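Before any comments, here is the structure.
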Amino acid sequence: MQKQILSSRMLPRSTNVNFLFTEETSLGANMVLIADEEEKVRDALSVAVHRWAQEEQRNIETVKLENGQQTIDSVHHMVRYRKPPLLVIADLRMPGMSGVDVAQTINNKYARIPMIITASYDEHDESLIQKADDFADQYSHVSFIIRTQSSPLLKVVLESEIRNILSKPSTHREDTQSQFGALKKKLTKLWNNSF
């Protein structure tokens, strides 16, 4: 069987990504999902993430996605293999669903996965910008930034946000469930041994 490598790959337009996330591929690097309908934006964000990872000496792989549904499906499959993404970066305005909708869906299903919602510097929909900003203010693991045209400035802003989000304690729902399961086993064992 040939091993698949996920390094800055573009998923097919299909939202069925089962073939990409297997136990074998989920054991490697930390994954950062980058969702934007524009290829040049995905590429710029991927370069910024890889530069940050190199400076921090982290093993990071980026997966580039074109829309929100692909992002949600990818997170689902990664969590299924107990390897949630290190970070999800989603554009504010994408076909089908906004970055805020993606963040809300992921947050409701898989609490505490770090996310950055990005908006283009020329985004004119003030209500959508306000919605993203308000959502990010509610959660310490969500951030909102407006991208600039300057690649060096984008790198600095993105690095700052990544450091900020990843420095906060992680309390994934799976971690809590795992701890609860271990506690339940211990209590059951204590209960059984007491009689």
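The numbering of the sequence shown is this note's numbering, which starts it at 12 and goes up by one. Beta carbons: idealized from backbone N, C-alpha and C, even for Gly. Bear in mind that the values here come from a model prediction, so they are computed numbers and not experimental data.
*First and last residue of the beta strand (DSSP E) that includes Asp102?*
98-102 is the span of the beta strand (DSSP E), which, as asked, contains Asp102.
*When burial is assigned at 16 or more other CB atoms within 10 Å of the CB, is Thr159 buried or exposed?*
Thr159 comes out exposed.
_Top-ranked residue by Cα proximity to Ala64, from Val74, Asn41, Ala55_ = If we check each option's Cα against that of Ala64, Asn41 comes out closest.
*Do you know offhand how far Ala59's Cα is from Tyr92's?*
When rounded, the separation of the alpha-carbon atoms in Ala59 and Tyr92 is 27 Å.
*Kindly provide the ranges of any beta strand (DSSP E) runs that are 3 or more residues long and lie completely inside the region 88-147, ordered along the chain.*
List check, beta strand (DSSP E) in window: 98-102, 126-130.
*Beta bridge counterpart(s) of Asn41 as assigned by DSSP*: Answer is Ile71, bridged to Asn41.
*Since Ser154 is in the beta strand (DSSP E), which residue starts that stretch and which ends it?*
Ser154 -> beta strand (DSSP E) spans 153-157.
*Looking at the structure shown, is Gln149 part of a helix, part of a strand, or coil, going by DSSP?*
In this structure, DSSP gives Gln149 a helical state, which the three-state scheme calls helix.
*Helix, strand or coil: which one does DSSP assign to Ser178?*
Assigned with DSSP and collapsed to three states, Ser178 falls in coil, not helix or strand.
_Would Leu165 and Ala55 be called neighbours here (beta carbons separated by less than 8 Å)?_
Contact: yes.
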